[in-house]
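Numbering (this note's numbering), first residue to last: 246 to 657.
Where a beta carbon is used, it is the ideal one built from N, C-alpha and C, also for glycine.
Step one of this worksheet: look at the structure below.
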């Protein structure tokens, strides 16, 4: 039945053309944006996943920037400590030469040593990157940098890499004048409490072992060894343990101070040696000597930086030259340990930086596989839809002409 009110053919052709035009518009959008899913209405689930991954990628790029900054900061500190270590080696060479040098030569050697010490001070002051100095003792807090973004069902958290600062400042003093409180216990020194054992005298020709027991950061380990015939120092020695110090470290630091005291005062009748966590004091004099030890309460202020023994380092006399030589091994060991710690930290940061870079690339590739358009397929589809559009327009035109044919029924 033909009708001049309803043209079913035209309606079908019109709907078909609308569908074709919609597909054509979507295909043209894919080609112009390069994305098959560019808005939430295209595919809500995929779009949501892709946006979360894009957010993580942006955060990872920020983390990468932070890691690069941290790498430069630690590299600056490592390079500075390596320079300091080389300067200490040169100072040690001068100190060795001074052991048998004449008074005039010692004056020249002292000037050279003072110059090296001054250069070390300069390195300590300028060894900073982006305002952060890891070796001047200006802060005791670990240097931290965000290393990764951890996503789980419970939420999102950040992991960090912590770099321990190395206090190589020359502030304070390692001389045996720190603390004058009378101490009445001996044998084993533990942190934060009374040392085990009881007071005892080291008889003539006898040896006393002082063992370092438990070690805690911030605790002060103290030994009193006043000896007859000493003209310099009080014979009281103290060392404040750092965060990573072991019992062996504490014993070595205290033993070095005691040895320097003996050499500085020319007390050849006594000797000190260190083995593991034990300080061995030998009395070869003709009289008994009291050697006592304990720890102060926690929170005792540090007695100085790792290179504080450089203050007043002198080779102008036999005693001073001998004391300087006794100090040098500890100073060199401190710098070497600091450089090694920074080297390990720098390797960790570089490895994490490389991983973060690869992770960012993988996330970017994953996002592309979710939302990017297949350009070959889109191009072929565009050509097909353009042909269908032309045919749809032609079909609609033919359908619109159908009602006019009814007029022929009324012509005479």
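Distance from the CA of residue 536 to the CA of residue 465, rounded to the nearest whole angstrom, comes to 17 angstroms. In this structure, residue 566 and residue 344 form a Cβ contact; the two beta carbons are roughly 5 angstroms apart against a cut-off of 8 angstroms. Between residue 472 and residue 512, the CB-CB gap stays under 9 angstroms. Beta-bridge pairing by DSSP links residue 446 to 535. The stretch 385-394 makes contact with the stretch 291-309: 3 or more CB pairs, one atom from each, lie closer than 8 angstroms. Annotation: the continuous beta strand (DSSP E) that includes residue 454 extends over 452-457. In the displayed model, residue 477 falls within coil according to three-state DSSP, outside both helix and strand. Note that the C-beta distance between residue 379 and residue 318 is below 9 angstroms. CA-to-CA, the gap between residue 320 and residue 594 works out to about 10 angstroms. Residue pairing by DSSP places residue 506 opposite no residue, since no beta bridge is assigned to it.
Just so you know, the alpha carbons of residue 625 and residue 256 end up roughly 28 angstroms apart. For the beta strand (DSSP E) assignment, the uninterrupted runs of no fewer than 3 residues enclosed by the stretch 354-425 are, from N- to C-terminal side, 388-397, 400-408. Under the DSSP definition of a beta bridge, residue 295 lacks any partner. In this structure, DSSP gives residue 282 a state outside helix and strand, which the three-state scheme calls coil. Residue 298 and residue 364 have their C-alpha atoms roughly 50 angstroms apart.
Under the DSSP assignment, residue 519 falls in the beta strand (DSSP E) whose first and last residues are 515-520.
Residue 599 counts as exposed, since fewer than 16 other beta carbons sit within 10 angstroms of its beta carbon. Contact between residue 485 and residue 463 holds: their C-beta atoms lie close to 7 angstroms from each other, under 8 angstroms. Distance from the CA of residue 248 to the CA of residue 655, rounded to the nearest whole angstrom, comes to 14 angstroms.
In this model, residue 410 and residue 325 are separated by some 13 angstroms (Cα to Cα).
Taking 8 angstroms as the upper bound for CB-CB distance, residue 397 and residue 369 are not in contact here, some 43 angstroms apart. The three-state reading of DSSP puts residue 314 in helix, counting H, G and I together. When secondary structure is reduced to three states using DSSP, residue 249 falls in the coil class, being assigned neither helix nor strand.
The DSSP-derived three-state label of residue 559 is coil. Looking at 556, 446, 456, 482, the one whose alpha-carbon comes closest to that of residue 492 is 456. In this structure, DSSP gives residue 610 a helical state, which the three-state scheme calls helix.
Counting every other CB atom within 10 Å of its CB across the protein chains shown gives residue 468 a total of 16 or more, marking it as buried. Nearest to residue 584 by C-alpha distance, out of 374, 328, 562, 303, is 328.
Under the three-state reduction of DSSP output, residue 586 falls in the helix class.
Around the beta carbon of residue 483, a 10 Å sphere encloses 16 or more other beta carbons of the protein chains shown; the residue is thus reported as buried.
Under the three-state reduction of DSSP output, residue 469 falls in the strand class. The DSSP-derived three-state label of residue 528 is strand. The C-alpha of residue 602 is placed about 42 angstroms away from the C-alpha of residue 629.
Taking the Cα of residue 316 as reference, the smallest distance to any Cα among 295, 346, 558, 406 is reached at 406.
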